Amino acid sequence: MSADLFNIIFIGGKDRVDFLQGQVTQDIEKLDENTTRNAAFCNPKGRVIATCQLFQFNEKIGVIIHHTMSEIIINRLKKFIFRSDVNIELSSDVWSSCFKKMDSNEIRKKVTMSSNQFIVINDLKESGAKEIFSNTEKIEILKNPMKQEDWKAARMTENLVDISIQHSEKYTPHMLNMDVIDGISFQKGCYVGQEVVARTEHIGRVKRRVIVYKLDSTDIKLDDKLFHNGKDTGAQIISIEGIMMMAMINIIFKEKSLQYEGGNAIPFRAKL
199 MSADLFNIIF IGGKDRVDFL QGQVTQDIEK LDENTTRNAA FCNPKGRVIA TCQLFQFNEK
259 IGVIIHHTMS EIIINRLKKF IFRSDVNIEL SSDVWSSCFK KMDSNEIRKK VTMSSNQFIV
319 INDLKESGAK EIFSNTEKIE ILKNPMKQED WKAARMTENL VDISIQHSEK YTPHMLNMDV
379 IDGISFQKGC YVGQEVVART EHIGRVKRRV IVYKLDSTDI KLDDKLFHNG KDTGAQIISI
439 EGIMMMAMIN IIFKEKSLQY EGGNAIPFRA KL
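In terms of my numbering, the sequence shown opens at residue 199 and continues consecutively.
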């Protein structure tokens, strides 16, 4: 598996569903084996420790997570096990890639799986790409994956914010648009940080959010300032991949084109 994008944590044991229900923003009961659901781990103050994608596999739950956060989340989860029948392991035999113009059904037809193997395919609709997470042998059809920077950019266009250690515990789920990408269940029971998340949803006020931009120049750095009509917006650039950028910004600027020293940033995903 690519060492510089994601790791997969597997959570097993007969109490795994109830255990994880108390830890993430997503409803674990809705998981299946074919695709993933977005989720976040929060601290008691409702700040996101890590974002992730969840899926069901046999008697386990898979947690796809940024590689810098896997050990942190494993160590955190272990503190909550107590007497629960739960086991946690970091998978070492999984690979992941992203492909353009792939048909999910065609991929599944060409993969022969045993009972202890899985293949999860996510559709990145804006870019027309498919990302695959699996522990099967790679097949001929999957020999030409997208470059990692293109994969990351494709995830940006889906509003997927992959929180790394650099941005951990800085933002709420709403600020990361988890409510927009169906990453929060407002019907399930309590989980760590739930009170803050529920209050934010009830009040309906989120002053800052992540906005995705398309750049007309790659001459930009993470610490660059972003301006609108000469005014510093106070935005914080979270990530840049090629001509795509994510920035945390006051929502009064969410549909505005911005300027930086090397060019312009046009909102790509602003209608939240």
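By construction, the Cβ of each residue, glycine as well, lies at the ideal position given by its N, Cα and C atoms. Since we're looking at a predicted model, the values are computed, not measured.
In the three-state reduction of the DSSP assignment, residue 280 falls in the coil class. When C-alpha distances from residue 236 are compared across 303, 371 and 324, the shortest belongs to 371. Nearest C-alpha to residue 311 among 219, 377, 404 and 255: 255. Annotation for residue 287: 208 place their beta carbon closer than 6 Å to its own, counting only its chain and skipping 5 residues before and after. In the DSSP assignment, the residues bridged to residue 411 are 443 and 465. When DSSP states are grouped into helix, strand and coil, residue 302 belongs to the helix group.
Annotation for residue 433: no alpha helix (DSSP H) segment contains it, and DSSP assigns it neither H nor E. In the DSSP annotation of this structure, the continuous segment of the alpha helix (DSSP H) that includes residue 350 starts and ends at 346-355. Between the C-alpha atoms of residue 356 and residue 449 there is a straight-line separation of about 18 Å. Closest in C-alpha terms to residue 439, from the list 417, 447 and 451, comes 417.
Excluding its 5 nearest sequence neighbours in each direction, residue 386 has C-beta neighbours in its own chain below 7 Å: 219 and 225, listed in chain order.
223 is the residue among 429, 223 and 461 whose C-alpha sits nearest the C-alpha of residue 374.
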